[in-house]
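From first to last, the protein sequence lines are chains F and H.
Heads up: the first sequence begins at 1 in our numbering, then just goes up one per residue.
Heads up: the second sequence begins at 114 in our numbering, then just goes up one per residue.
The structure appears below as structure tokens.
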Amino acid sequence: GDSVTQTEGLVTLTKGLPVMLNCTYQTTYSPFLFWYVQHLNEAPKLLLKSSTDNKRTEHQGFYATLHKSSSSFHLQKSSVQLSDSALYFCALREKDSNYQLIWGSGTKLIIKP
Amino acid sequence: EAGVTQSPRYAVLQEGQAVSFWCDPISGHDTLYWYQQPRDQGPQLLVYFRDEAVIDNSQLPSDRFSAVRPKGTNSTLKIQSAKQGDTATYLCASSLDGGRQNTLYFGAGTRLSVL
């Protein structure tokens with residue numbers, strides 16, 4: 001069945017450094033990938049989404065590119081800020097369907113001064 | 114535009130007690146979802162509705178959990194006899210057009226602790 005894998009459970013970085021959070025997926029259908037961010041005691045919010053192969057999508061300084069050849073949708077930022085500390089979830093949906101999201105296990109990102 | 118509203122924000126129960134969670138989705142959103150999110154884990158879908166109809170409740174522990182959305186707007190999720198394993202945050206989310214708009218809007222959640 002469909003699945004999403006986030007390999008890092010916890011990432012700790014110093015402010016100003018770059019970050020990449022890994023997301024790979026498995027599906028036999030055309031994928032639609034999402035990144036959601038959840039700050040402490042807040043609701044998850046959509047950060048990025050894409051269904052277009054090899055096209056970079058950006059929002060709030062974060063960016064990701066869907067690569068169907070490697071089944072990946074890694075989240076990146078060139079310079080992290082203290083406010084980026086949060087839980088980040090990658091999620092998969094079959095494109096053009098009303099099937100529900102399949103969520104990764106999440107990566108907790110902690111940014112230190 | 115008002116977001117998804119959930120209440121209560123917190124609940125603390127003894128095992129065996131009952132609790133209800135309430136959700137008011139974004140006005141006009143036809144699809145409503147209930148998720149269970151254990152601490153530091155991803156959300157797990159329990160049930161979702163399109164208008165008042167249940168579309169998928171296959172992950173809802175039906176012996177103790179129930180969910181309704183009688184008029185296709187607000188929804189209630191109820192746990193009849195809570196267990197310690199139910200300790201989690203319960204998130205409500207809504208979307209347009211059955212989710213085809215590709216964006217879920219989440220409420221802040223209800224954090225449940227079962228002692």
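All C-beta atoms, glycine included, are put in the ideal place defined by N, C-alpha and C.
Keep in mind that this is a model prediction, so the values were computed, not measured.
8 Å Cβ cutoff, residue i in contact with chain H
i, result
"tryptophan 35 of chain F", "no"
"glutamate 42 of chain F", "yes"
"serine 105 of chain F", "yes"
"glutamine 100 of chain F", "yes"
"leucine 92 of chain F", "no"
"lysine 68 of chain F", "no"
"leucine 109 of chain F", "no"
"leucine 21 of chain F", "no"
Minimum C-alpha distance to residue i - residue among the options
i, options, result
"arginine 182 of chain H", "H:Leu145, H:Asp169 and H:Leu173", "H:Leu145"
"phenylalanine 34 of chain F", "F:Leu40, F:Glu42 and F:Glu58", "F:Glu58"
"isoleucine 192 of chain H", "H:Gly220, H:Ser226 and H:Asp153", "H:Ser226"
"serine 50 of chain F", "F:Gln60, F:Ser30, F:Glu42 and F:His39", "F:Ser30"
"lysine 55 of chain F", "F:Phe32, F:Ser83 and F:Lys45", "F:Phe32"
"glycine 61 of chain F", "F:Lys68, F:Asp53, F:Ser69 and F:Val80", "F:Val80"
"threonine 107 of chain F", "F:Thr52, F:Ala91 and F:Ser69", "F:Ala91"
"tyrosine 36 of chain F", "F:Phe89, F:Asn22, F:Tyr63 and F:Gly1", "F:Phe89"
Residue i and residue j closer than 8 Å at C-beta
i, j, result
"serine 3 of chain F", "glycine 155 of chain H", "no"
"isoleucine 139 of chain H", "tyrosine 218 of chain H", "yes"
"alanine 75 of chain F", "methionine 20 of chain F", "Inspection of the sequence shows that residue 75 of chain F is occupied by leucine rather than by alanine. Yes, these two residues count as a Cβ contact at 8 Å."
"proline 151 of chain H", "threonine 223 of chain H", "no"
"serine 72 of chain F", "proline 18 of chain F", "no"
"serine 85 of chain F", "leucine 109 of chain F", "yes"
"glutamine 26 of chain F", "leucine 87 of chain F", "no"
"serine 171 of chain H", "cysteine 136 of chain H", "no"
"glycine 141 of chain H", "glutamate 165 of chain H", "no"
"glutamate 8 of chain F", "alanine 221 of chain H", "no"
"serine 208 of chain H", "threonine 200 of chain H", "no"
"tyrosine 148 of chain H", "alanine 206 of chain H", "yes"
"leucine 82 of chain F", "proline 113 of chain F", "yes"
"threonine 5 of chain F", "threonine 28 of chain F", "no"
Neighbour flag for residue i against chain F, beta carbons, 8 Å
i, result
"leucine 204 of chain H", "yes"
"threonine 216 of chain H", "yes"
"phenylalanine 219 of chain H", "yes"
"glycine 141 of chain H", "no"
"glycine 129 of chain H", "no"
beta-carbon residue i near the ligand SAM non-hydrogen atom, thresh 7 Å
i, result
"lysine 15 of chain F", "For the structure depicted, the ligand SAM is absent and the ligand set is empty, with no information on it obtainable."
Discussion item. Closer than 9 Å between beta carbons: that is the criterion. Which residues of the region 152-178 of chain H meet it against chain F?
Written reply: Asp153, Gln154, Gly155, Pro156, Gln157, Leu158, Tyr161, Arg163, Ile168 and Asp169
Practice prompt. Below 7 Å between beta carbons is the criterion; list the residues of the region 70-93 of chain F that meet it against any residue of chain H, in chain order.
Written response: Result list: Phe89.
Worksheet entry | Stretch-stretch touch, CB-based, cutoff 8 Å, three pairs: the region 193-210 of chain H with the region 120-136 of chain H | yes
Worksheet item: Per the contact definition of three or more C-beta pairs closer than 8 Å, is the region 160-180 of chain H in contact with the region 12-32 of chain F?
Response: Taking a contact to require three or more Cβ pairs closer than 8 Å, the region 12-32 of chain F and the region 160-180 of chain H do not qualify as touching.
Worksheet entry | chain F contacts from the region 181-202 of chain H (Cβ-Cβ distance under 8 Å) | none
Worksheet item: If contact means a Cβ-Cβ distance below 9 Å, which residues of the region 41-60 of chain F contact chain H?
Response: Flagged, chain order: Asn41, Glu42, Ala43, Pro44, Lys45, Leu46, Lys49 and Ser51.
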